[in-house]
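Notes follow the structure.
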Amino acid sequence: MAKPMKVRARNADGVTDVRILMRHDMESGQRKNSDGDIIPAHHIQNVTVRHQQKVVLFAQWGPAVSKNPYLAFKFEGGTPGDPIEVTWVDNKGDSRTDETMIK
Amino acid sequence: MRSRAVVLCVAAVVLGICASAGGYAQTTMDEIMRYREMLKEANPAELLELEGEELWATPAGPNNATLEACDLGLGPGVLKGAYARLPRYFPDTDKVQDAESRIVTCMMQLQGFTRKDAIRGWHKPGSKNEALVTFVATQSRGDVIDVPATHPREAEMHRVGQELFYRRSGPLDFACSTCHGLDDRRIRLQELPNLSTKEGAQTSMSQWPAYRVSQGVVWTMQRRLIDCIRQMRWPEPEFLSDTVVALQVYMQNNASGVVLEAPGIKR
Amino acid sequence: MRYSFLAGIVSIGLVVGSAYLLATGAVADDALDATVNKVMRDSFTGASPEQWASRIEQDEVQAYCSRFRNSPPPEIVERILELSNKEFRYPLDGKLLGDWRKGEKLASSGRGGHIGTIRPDPPGRKRGANCYACHALARSELSAGNLGPSLTDYGKQDGNSPATIKLVYQKIYNAQAFYPCSQMPRFGHNQWLTPEEVADAVAFLLDPHSPVNQ
Amino acid sequence: MDLERRTFVRTAGSAGILAFLVARGFLTVGDARADLWNKPAFDAESLEDAIDILVNSPAAESPEVVIVAPEIAENGAVVPVGVVAKLDGVESIAILCEKNPHPLAAIYEIPPGTLADVKTRVKMAETSHVVVLVKAGGRIHMARKEIKVTRGGCGG
């Protein structure tokens, strides 16, 4: 089961700074197990960040994004107390959504 | 700091950046520091901390109890500063215990787990033991490590830890001190803290538990030490065993006085 | 052969050593040794008797070096030299200068010999000597440690006469025959490397074609 | 001029519309997942192929695109890479690692109101260039920066 993310959002001078840590193996598809077989790629494909229903960032990721991915970005607007919602979906169809309040 | 310049110069040569000992060494150092700083911006160990926090407060085990009443040495339920004062002697178990060991005691006493169930899969990435220790340690972030080892049992463990630190055996004649008993040494390009000195122990112990970038997992000090011993080609000591606790008493005592910054982030 | 803790403690050398340590105030007393012994017995419960004998119990030299923190007093220095010079084994074909290419591989590999349940090596994995962990060797390999001295251009210092070759062979085989309580593993004595592998490492250091001397 | 083809979201025909809907929050991600991930670009095995799939016109290097990354990474498994584009109307940003088996690492769609300032962490197989493509106002801007990856520590 997908594990929770850590989402932080802070507003200063009208700009909201969002920092997200996700828990995911981001298996590259390049590694071999102890039997010499390739471990299939298993990685997040899409990340969607919403502020009050509006998408403020949409990402496509390949397996070259590091394990336990980090994503940070900024958008104009946002008020302390507003919810920020983050959803990821991986290539096996697993997904996770977490929410935080802007500080 | 001469040694540091040498280290970085070697690193720089490897990277083909610095042709001579002087000039670009500063740039190389700046870039390596910049890399480390950028990683500190978000430490994936925080994810495990979150899980640990949840595990701490979620009823579990045969008693369907939380760990919130766990006594880590400062009284039931007191987390702040507790990790920075471990290992310490606990009268109820009549043992000197580190965080890993004490949390397992609480899982047994409060939640009713058997010892076997409490430590099952402890070394697997993101295990509950590692999550709980990471959570507990971060509750002491900003506190000063203070392990005076004054109780007679703590003092004894300190002496044992010191002996073990210098004890050579196995097919490579290694002791902890082989790599960690001298200043300014490296394995390949990896700097080695001199854990027998205050400065070296403080540099190291202030950062654990730590996220290991190379492994993509958090390691607690138990895991770190058991793996060092594995690398020495000794057999593995048991998780929570006194060998591992005694070494920690020795190192935490040496490190006393430094502010805990855990979780750290390591190569 | 290996000594148990207690055998080591009652050996003549250690009695001398204890007196020395008492005089310097740095003593590890017998009661403490007993406690350490008990702690280890209770800690390494997963180790087989064979692993105990070969990997935890100390031989006499290890016990001295531990107790004296690698700075043994003169009597102990003599004793370690005596013990260490007893036996050197050599390759059956008598060639002490082997293949530097094989030596280079050994020098670069830190694999092999890990046991336990968490991350053991697969059975039969070849053990490396991991020289680069501690020594600078070939100039082209700059990812080199500094626990030991630089050995770059080692073969240019004393050439590769039969006498030099034999001396270097013996140093790798058992460094403590020359430097009591050296931190360097006794690669031959402990049978970490075979005599042939020691000869390959010698060639890596001394062969004029080796990158160490380029 | 076929602007749709220049968007980094690879979709069949309805490209811009899907992206638009997602951007406006009308679509839940997952509804059309296969269409929201540019498989051919991520599967490409060379930098040139990946860029060809992402953009159909040659990209010009631009000083307005800044790659925020250390010149040296102690570990290739985790290399912090940030992108700041000082351009108006940035629509998307792609990050590629030249010598990776599959160079394309990440694509970010930047809706209006979001700053062209993103940070992420990527794996790098070896020392190589990181290449960033930024689409702004229908044009493609590029930046590259070499990041050196140091070798691992002790074996085993």
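Protein chains in written order, with the working numbering: chain A, 8 to 110; chain B, 12 to 278; chain C, 1276 to 1489; chain D, 12 to 167. We put the beta carbon where it would ideally sit given N, CA and C, even for glycine. The model shown is predicted, which means the values in this text are computed figures rather than measured ones.
Which same chain residues end up closer than 7 Å to residue 107(A) when comparing Cβ atoms and leaving out the 5 residues on each side of it in sequence? Apart from the 5 residues on each side of it in sequence, residue 107(A) sits with its Cβ closer than 7 Å to the Cβ of 14, 15, 16 and 91 in its chain, given in chain order.
Assigned exposure category for residue 1367(C) - 16 Cβ within 10 Å defines buried: By the 10 Å Cβ count, residue 1367(C) comes out exposed.
Could you name the residues of chain A that residue 62(B) contacts, counting a contact when the two beta carbons are closer than 7 Å? What residue 62(B) touches in chain A: 10.
Looking at residue 1426(C) and residue 1403(C), is the spacing between their C-beta atoms short of 8 Å? Judged by their CB atoms, residue 1403(C) and residue 1426(C) are not nearer to each other than the 8 Å cut-off.
If we cut at 8 Å on Cβ distances, does residue 111(B) have a partner in chain C? Residue-level contact by beta carbon fails for residue 111(B) and chain C, as no gap is shorter than 8 Å.
Taking only runs that begin and end inside the region 1421-1488 of chain C, name each unbroken alpha helix (DSSP H) of 4 or more residues, in chain order. Fully enclosed alpha helix (DSSP H) runs of 4 or longer: 1429-1433, 1437-1448 and 1470-1481.
Quick check: what's the CA-CA separation for residue 49(A) versus residue 95(D)? Cα to Cα, residue 49(A) sits roughly 29 Å from residue 95(D).
Whole runs of the beta strand (DSSP E) within the region 105-152 of chain B, excluding any shorter than 3 residues: Within the region 105-152 of chain B, the complete beta strand (DSSP E) runs of at least 3 residues fall at 106-108.
So with CB distances below 7 Å, who are the chain B contacts of residue 13(A)? Ordered by position in chain B, the residues that pass the 7 Å Cβ test against residue 13(A) are 57, 58 and 61.
The region 37-52 of chain A: which residues have C-beta closer than 9 Å to a C-beta of chain B, in chain order? Listed by position, the residues of the region 37-52 of chain A near chain B (Cβ gap below 9 Å) amount to none.
Closer than 8 Å to chain C by CB, residue 191(B): No, because no Cβ of chain C sits closer than 8 Å to the Cβ of residue 191(B).
Can you tell me whether residue 168(D) is helix, strand or coil according to DSSP? Here chain D comprises residues numbered 12 to 167, so residue 168(D) is not present and cannot be evaluated.
Under 8 Å, CB to CB, which of the residues in the region 1410-1429 of chain C have a partner in chain B? Taking 8 Å as the Cβ-Cβ cut-off against chain B, the residues of the region 1410-1429 of chain C that qualify are 1417, 1418, 1419, 1420, 1421 and 1422.
Quick one: list the residues of chain A neighbouring residue 130(D), beta-carbon separation under 8 Å, in chain order. When 8 Å is used as the limit between beta carbons, residue 130(D) is near these residues of chain A: 77, 78, 79 and 80, in chain order.
Check whether the Cβ atoms of residue 1447(C) and residue 1476(C) sit closer than 8 Å, and answer yes or no. Yes.
Give a yes or no on whether 8 Å exceeds the smallest Cβ distance from residue 142(B) to chain A. Residue 142(B) does not count as touching chain A.
Can you give me the C-alpha to C-alpha distance between residue 66(D) and residue 184(B), rounded to a whole angstrom? C-alpha separation (whole angstroms): 60 Å.
Can you give me, in chain order, the residues of the region 58-69 of chain A that have a beta carbon less than 7 Å from any beta carbon in chain D? Sequence-ordered contacts of the region 58-69 of chain A with chain D read 60, 61, 62, 63, 64, 65, 66, 67, 68 and 69 [C-beta pairs closer than 7 Å].
List the residues of chain A whose Cβ lies closer than 7 Å to the Cβ of residue 112(D), in chain order. Per Cβ cutoff of 7 Å: 37.
If you compare alpha carbons, which of 75(A), 93(A), 30(A) and 72(A) is closest to residue 60(A)? Cα-wise, what sits closest to residue 60(A) is 93(A).
Between residue 1357(C) and residue 1343(C), what straight-line distance do the alpha-carbon atoms span, to the nearest angstrom? Here the alpha carbon of residue 1357(C) sits roughly 17 Å from the alpha carbon of residue 1343(C).
Of the residues 1346(C), 1486(C) and 1460(C), the one placed nearest residue 1405(C), counting alpha carbons only: The option with the nearest alpha carbon to residue 1405(C) is 1460(C).
Just the C-alpha distance for residue 98(B) and residue 147(B), rounded to the nearest angstrom, thanks. Each residue's CA atom was taken as its position, placing residue 98(B) and residue 147(B) some 13 Å apart.
Run through chain A and tell me which residues come within less than 9 Å of residue 227(B), C-beta to C-beta. Simply 32, 33, 73, 74 and 75.
Let me know the alpha helix (DSSP H) ranges lying completely inside the region 1344-1428 of chain C, each 4 residues or longer, listed in chain order. Every alpha helix (DSSP H) of 4 residues or more that sits fully in the region 1344-1428 of chain C is shown, in chain order, as 1349-1359 and 1375-1383.
Minimum Cβ-Cβ distance from residue 82(D) to chain B less than 8 Å: At least one C-beta of chain B is nearer than 8 Å to the C-beta of residue 82(D).
Which partner residues does residue 78(A) have in the DSSP bridge list? For residue 78(A), which the question treats as bridged, DSSP gives the partners 27(A) and 131(D).
Kindly list, in the order they appear in chain B, the residues whose Cβ is closer than 8 Å to that of residue 103(A). Neighbours of residue 103(A) on chain B: none; closest Cβ ~12 Å, over 8 Å.
Extent of the continuous beta strand (DSSP E) to which residue 152(D) belongs: Where residue 152(D) is concerned, the enclosing beta strand (DSSP E) stretches over 150-160.
Excluding the 5 residues flanking residue 228(B) on each side, which residues of the same chain have their C-beta closer than 6 Å to its C-beta? Once the five neighbours on either side are set aside, the close Cβ partners of residue 228(B) are 136.
Chain D residues whose Cβ lies nearer than 7 Å to that of residue 84(A): The contacting residues are 124.
Would you verify that the beta carbon of residue 59(D) is, or is not, closer than 8 Å to some beta carbon of chain B? With 8 Å as the cut-off, residue 59(D) does not count as an interface residue toward chain B.
Is residue 26(A) close to chain B? Criterion is C-beta to C-beta, closer than 8 Å. Residue-level contact by beta carbon holds for residue 26(A) and chain B, with a gap shorter than 8 Å.
Residues bridged to residue 67(A) by DSSP? Note: residue 67(A) sits in a beta bridge opposite 53(A) and 118(D).
Grab me the residues of residue 34(B)'s own chain with a C-beta within less than 6 Å of its C-beta, minus the 5 sequence neighbours each way, in chain order. Annotation note: pLDDT 36 at residue 34(B) (below 50); position unreliable, coordinate value reported separately. No residues qualify anywhere along the chain.
By the 10 Å Cβ neighbour count, where 16 or more other Cβ atoms means buried, how is residue 125(B) classified, buried or exposed? Residue burial annotation: residue 125(B) is exposed, with fewer than 16 other C-beta atoms found within 10 angstroms of its C-beta.
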